[in-house]
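**Student:** Numbering (the numbering used here), first residue to last: 1046 to 1340.
Even for Gly, the Cβ is constructed at its ideal location relative to N, Cα and C.
Keep in mind it's a predicted model, so treat the numbers as computed, not measured.
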């Protein structure tokens, strides 16, 4: 049976508003767990429940009455405790704060230090699968957000770092499509139970996005720096060993490796769950519309 009563944590981050919007559009009854008890920029139809995440009793109380729990919190280390609270509250299905690289299906990606917290969460969910079902969502880089902030290509005057020439293919997904997938998971609990689902708006390369930008605006000036992804990986491990204020630099490097190194399995265009979850593969015209909005 589809789930209709959904609790959401982390609703105001980069991904949260898009997920909540699609849950509401799907006609689901959405409750936002908020430490402050306030939310901005979210649909007026959602309920808001104030919660103290340091208190399991508070989280359990906030979750009671819901059937599924969508976790979008950035603190991956807190997720096992939230899973325990969900079980105690009678939640049937948990969607963890994954929404990124292919940790589930690629050993190199799984071993990258930046994903240690996510690995622990997946292991814990597998251990608790007899008590609560779950679905892990793998969507690659956020397509529209990744272009906007310059992670895929910098189209607004900054420098674009091209990895290994810029022709590495990787799956990438719009924020709204991730929200659509989450809503569809809750409508297809049996088909998505206790497994990883893979989605993509499009299989892209950095050069593809740059070429679209140049087609739409021939006068656009893009400063390019060429970097080898093997060097990024080497420098990330070096920064990790140095520790201190170098940790953040290391983590960003590992994320770049997980997307731009073909050995990390970031291309799932030939086998994914788009059809099940109602995600349409973008055409070149669709990609042009996305890029045009960001120029």
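According to DSSP, is residue 1271 helix, strand or coil?
**Tutor:** Looking at residue 1271 - three-state DSSP - the assignment turns out to be strand.
**Student:** Just list the alpha helix (DSSP H) runs in the segment 1194-1272, keeping only unbroken ones of 4 residues or longer that don't cross its boundaries, in chain order.
**Tutor:** With a minimum length of 4 residues, the continuous alpha helix (DSSP H) runs that stay inside the segment 1194-1272 are 1220-1232 and 1251-1261.
**Student:** Alpha carbon to alpha carbon, how far is residue 1257 from residue 1306?
**Tutor:** Rounded to whole angstroms, residue 1257 to residue 1306 spans 23 Å at the Cα level.
**Student:** So, helix, strand or coil for residue 1077, using DSSP?
**Tutor:** If DSSP states are grouped into helix, strand and coil, residue 1077 belongs with the strands.
**Student:** Is residue 1119 buried or exposed, if buried means 16 or more other CB atoms sit within 10 Å of its CB?
**Tutor:** Residue 1119 is exposed by the Cβ-count criterion.
**Student:** Let me check understanding here. Comparing Cα to Cα, which of 1337, 1221, 1309 and 1048 lies closest to residue 1139?
**Tutor:** Of the candidates 1337, 1221, 1309 and 1048, the one whose C-alpha sits nearest the C-alpha of residue 1139 is 1048.
**Student:** Roughly how far, in whole angstroms, is the beta-carbon of residue 1322 from the beta-carbon of residue 1226, given that I think they are within contact range, below 8 Å?
**Tutor:** The pair is a contact, with the Cβ atoms about 4 Å apart (cut-off 8 Å).
**Student:** Spatial neighbours of residue 1215 within its chain, please: C-beta separation below 8 Å, excluding the five flanking residues on both sides.
**Tutor:** The residues are 1185, 1186, 1248, 1249, 1250, 1304, 1305, 1311 and 1312.
**Student:** If you follow the beta strand (DSSP E) that residue 1136 is part of, which residue opens it and which one closes it?
**Tutor:** Here residue 1136 belongs to no beta strand (DSSP E), and DSSP marks it neither H nor E.
**Student:** Flag this pair as yes or no: are the beta carbons of residue 1261 and residue 1336 separated by less than 9 Å?
**Tutor:** Yes; because the gap between Cβ atoms is below 9 Å, this pair is in contact.
**Student:** Report yes if the C-beta distance between residue 1207 and residue 1246 is below 9 Å; otherwise report no.
**Tutor:** No.
**Student:** Taking only runs that begin and end inside the segment 1299-1327, name each unbroken alpha helix (DSSP H) of 4 or more residues, in chain order.
**Tutor:** With a minimum length of 4 residues, the continuous alpha helix (DSSP H) runs that stay inside the segment 1299-1327 are 1319-1322.
**Student:** Starting from residue 1107, follow the alpha helix (DSSP H) in both directions and report where the run begins and ends.
**Tutor:** First-last of the alpha helix (DSSP H) with residue 1107: 1101-1108.
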